[in-house]
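Take the sequence shown: its position 687, counting from 1, is numbered 730 in the working numbering, and each next residue is one higher. Glycine included, every Cβ here is placed at the ideal spot set by N, Cα and C.
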Amino acid sequence: MKKMHYLKRNPYALKNNNLLFFRNTGLSLMFLLVISLVSASSALSQGNSAQNTFQVTGVITDARSGETLPGVNVVVEGSNSGTVSDRNGSYSIQVPGPGSRLRFTFIGYESTLVEVDREQVLNVALQPAMAALDEVVVVGYGRMERREITGSISSIDRATITSEPIYSVENLLQGRAAGVEVVADSYRPGAGATIRIRGTRSFVAGNDPLIVLDGIPIEGDLSAVNPSDIESIEILKDASATAIYGSRGANGVILITTQRGPVGATYIEYSVSAGLQEIARTIDLMDAERYTEMQRNAARREGTYTSDEDLFMDWEMEAIQNGINTNWQQEAFNTGFQQNHQLNIRGGTESTRYSLSGNLNEHQAIVDNNDFTRYVGRLNLDQNVTSILRAGISAQVSTSREHRGGNFRDLVLRSPLDWPERGEEALRGEFAVGETFPMLNLNRDWYIDQRDRTRIIANVYAELTPFEGFTYRFNFAPDISTFERGNHSWQNSTASINNERTRNILYENIIDYRRSLGLNHNIRLTGLYSVQTNNLTGNSVSVRGLPFEQQRFYNIGTAEETTARNSTLREWVLESYMLRANYSLMGRYLFTLTGRLDGSSRLAEGNKYGLFPSMAFAWLASDEPALSNLANLNELKFRLSYGDVGNTGIQPYQTQGRVSRVGYSFGDQSVFGFQNAELANADLRWERTRQMDFGIDFGFFDYRVSGTVGLYQQNTIDLLMQRQLPATSGFSSTLENVGSTRNRGFELSLSNLIVKAAQPGRFNWETTLIFHTNRNEIIELYGGKEDDPGNNWFIGQPVNVHFDYEFEGVWQEEEREQAAQYGAAPGDIRVRDINGDGVIGAEDRVILGSENPSWTGSLSSRMNYRNFDFSFMLYTAQGVTIWSQAGGTSLGGYLNLRRGYNLNSLNIDYYTPDNPSTEYPEPRVRGHVYFTPMGYFDASYVRVRNITLGYSLPSNALERLGLSRARVFSTVQNPFTFTNFEGLDPEGARNHDMPNYITYMLGVEIGF
């Protein structure tokens, strides 16, 4: 037979004209911008200035640290002419004539007014308003100066957000705040991540933090939020900070504040970045020769091998005869592409301020038929209607389309004897019933999983200040989203559609009252009444046997068979009352009392309402007379808080029990009916977390060294759990509040200005170190201290543990007699006999580790010299144990070689009589009894997350181009990962999904 050669192809990439258009357009536009800016920067001469006007340029810095300040408003006094300093603190502004005055304003700094009468370079050093303690921080339902805060809050500022090109909020959060763990669910384009703040608490009610966007709590994931729109992020962690959100604060709160318009002339900013991606690492799989020999060895071991013709299928014999040796990783992994375009238009007057932005993000994955495209538009508008009335709107519209290419794991682990075109050839001819061809998932003509999302999030507000110190605010905040999914598989002749529509409406009434009582007493009261309604409707249909495969998931009513259909209605209402009181004595003794009363329609009468109180005290020791004169002490604050917060993760109607649809025989007919599935429980209550927190905030040497250390303990009680019921009850289970957990931890955040620039343009180097350790343990199950091995829940152990037999090696020939006592033979997996009774049973299982890391940490560093900036970030998670049998290390293939699986295996040195390996057992056709212990791995790792180098154009080049700022940069993301894990990626391997990749990116930022 003639030897066949198969060329790798990418049918989707050739057909996706839109992707090619955007890819070419993005790269061409970025290339032209880079060439234009670099060419202009080489020009040393300046153009002639217009008559009676001249140019003023310079750099704005912090007078204490010498660090450059981005985002400073520079306005010509008495006019609407103005600009904003760029990320390196540089500015350039056209001045109308001699005698003009420039005003420099920035939050947390004193306003500075400078008179200019000629063209010049004017560097300005802004003085902090008093100290870093006066920085304004967003808290629940308001803003406070940092000195007033008594709770544990971590902040991520605009400079950090823009330090590297990041296109998802989850990625932005990883390694940026102590106590926050972010684990990628997948590296598919548009995929989200799991976020945990100070550990895991609940079994079934959820552990996701509450997300608050511009003051409005939002449901769902963060995929609709554009990171380029964000001004700051605050993470509320202790009960003092989160109790203001009551029944939704137990898992922490993430406050996201988007950019608003400054006072000054219209400022336009455009940025574009584009990059290529490649697989970060591959695994060493067997080639065709080793794979076929392994199959023969396994058959010989079973005594079933007679010849290759009897062992292998016809298509395998064809492959062997024609020398087929497919590397499926090379077939699966391509070069990915990502581009991002961001346009910001900001400005305003004393009465009207606006911020308008648009974003396009497109991502073609390293695996064909996996892509994501998102469009986001945002408008923030603030209007002073009268001297006492202010109104405005924050509105965002986002739409996205995602394609997923089916089962990734089975494709990468496909037999090396298989070849890419066989699936298409088999489906067009004859193939074995039940055989699947994952390679077809790469081709959208054969497989499509399309997911469309549209979301509108808005907040229309009116704010009334009838007299000094008192403010009333009303928020009307609709959040409306739609989700449409269509799925079609040519090889299975199946299709399905799923549609959901969610409408979330929030009404809030907020009052804020401040008053000073003499020089030493200050009080602030914040009150809230709100009502939130949520409505979700959905329907889905699945069919089989389409008359025309080209119709995909459209007009599916023409199919031969409807395999499933469903419709959904889910509604709930939350009513809330809240009061927070802040009291300051002499500016250094700070007290906070908070109480929130939540009422939920999800709970039954008698338990609908829950009260969640908290209290906190802070002592600003650095303001004490005995310490205030210490030259090198800028801040020393001690914080102590205690409070009670809740978890509203219970689903609607769970207190009412549920029924399930079942089939039964009625006479000679099969009919359907309903039976009780879960016993109703009207006594369900909120899950509650009682938390104590102690922290120290410090700053030394003009804040060249600053940070926070903290200790906390959380006790979560009344955990919801499914209690199994005896069959005689007529029910299988009932949901009850019968569990408790505890989390204890330590946090450290340390910032250090290692080298302070003596003047603008000199070398400046700052670092931030973050460390967090958390100890999670189960305290009580089902109202007692008895373990639940069936769910891997054990008293005194973390929630997410692995409970299994312990791998001890491979039985050797000299151990044949001992192995026989356990029903094993040389070459079999050996597991530890824990109790030493000579029998391997359920009592020999032990806890092998936890998916919760023992500790996490990060190191971020930023350096500036002249017009160059350089930054990098390291992130680590230690003490992580994961189970990743086939998806991570490919052991599943050779441990179970039953025909039809067609799974390749890690290229390992396994046991044979001539090769007595103690690490990998002998291949088995029917598998090994105790194969699961081999799937546990230490997934600790250290990753270089980002390296960025940027260059900002000098003022003379900016003037020539008519720009106020311009910067070019290059970034590499995830270039190095250090781990002992043998799979594709230690972080993403948990879900056996698409692995991590390295991104090489170029970008341009311009402002005018």
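With 16 as the cutoff for other CB atoms within 10 Å, does residue i come out buried or exposed?
i, result
"L215", "buried"
"I299", "buried"
"N834", "exposed"
"F911", "exposed"
"D160", "exposed"
"N535", "exposed"
"Q439", "buried"
"F65", "In this predicted model, F65 has a pLDDT of only 42, less than 50, meaning its place in the structure is not dependable; the value taken from the coordinates is given anyway. Flag for F65 reads buried."
"T899", "buried"
"N1023", "exposed"
"S610", "exposed"
"Y550", "exposed"
"S88", "Caution applies to S88, whose pLDDT of 35 falls short of 50 and renders its modelled position unreliable; the value that the coordinates give is listed next. It is exposed - the Cβ of S88 has fewer than 16 other Cβ atoms within 10 Å."
"F717", "exposed"
"G292", "buried"
With respect to the beta strand (DSSP E) encompassing residue i, which residues constitute its N-terminal and C-terminal limits?
i, result
"Y334", "That residue, Y334, is in no beta strand (DSSP E); its alpha helix (DSSP H) goes 331-345."
"I739", "730-743"
"T285", "Note, T285: premise wrong, no beta strand (DSSP E); alpha helix (DSSP H) at 282-285."
"Q98", "97-105"
"T751", "748-767"
"Q594", "Run containing Q594: none; DSSP gives neither H nor E here."
Tell me whether the beta-carbon of residue i lies closer than 8 Å to the beta-carbon of residue j.
i, j, result
"S128", "P113", "yes"
"N369", "D461", "Before going further, note that residue 369 is Thr rather than Asn in the sequence given. The answer is yes: Cβ separation under 8 Å."
"I1041", "T1014", "no"
"V180", "L265", "no"
"S619", "M658", "no"
"L646", "T698", "yes"
"G1005", "S314", "no"
"R623", "E604", "no"
"L145", "V164", "no"
"M621", "G689", "no"
"Q765", "Q734", "no"
"D425", "R516", "no"
"S437", "M1037", "no"
"S627", "E191", "yes"
"P208", "M1044", "yes"
"V117", "F147", "yes"
Could you name the residues of the same chain whose beta carbon sits closer than 6 Å to that of residue i, not counting the 5 residues immediately before and after it, in chain order?
i, result
"E262", "N547"
"T932", "The pLDDT assigned to T932 is 45, lower than 50, so where the model puts this residue is not dependable, and the model offers no usable value."
"G529", "Q493, I540, F596"
"R544", "T525, T580"
"H384", "V315, L403"
"W808", "I797, V798, M906"
"I254", "I261, I297"
"Q94", "Confidence is the limiting factor: at Q94 the pLDDT is only 47, short of 50, which leaves the residue's position unreliable and the question unanswerable from this model."
"R557", "G512, R567"
"Y755", "D736, G788"
CB-CB under 8 Å to residue i, same chain, minus the five flanking residues each way: which ones, in chain order?
i, result
"P976", "D847, Y848, E849, F850, I872, V874, L891"
The alpha helix (DSSP H) with residue i in it runs from where to where?
i, result
"M1055", "Not covered by the structure: residue 1055. The range shown for the chain is 44 to 1051."
"E860", "859-864"
"R888", "Premise fails: R888 is in no alpha helix (DSSP H) and is neither H nor E."
Excluding sequence positions up to five away, which residues of its chain have a Cβ less than 7 Å from the Cβ of residue i?
i, result
"S532", "Y490"
"F681", "A661, W662, A664, I739"
"N843", "T243, S893, E894, N895"
"D200", "S275"
"Y632", "W662"
Could you please give me the residues that DSSP links to residue i through a beta bridge?
i, result
"F1021", "V985"
"A520", "L549"
"K828", "L824"
"K680", "L663, D740"
"Q493", "H446, G529"
"S792", "T751, I813"
Looking at residue i and the ligand ZN, is the gap between the Cβ and the nearest heavy atom below 7 Å?
i, result
"V138", "Inclusion of the ligand ZN in the displayed structure is not the case, the ligand content being empty and no account of it being possible."
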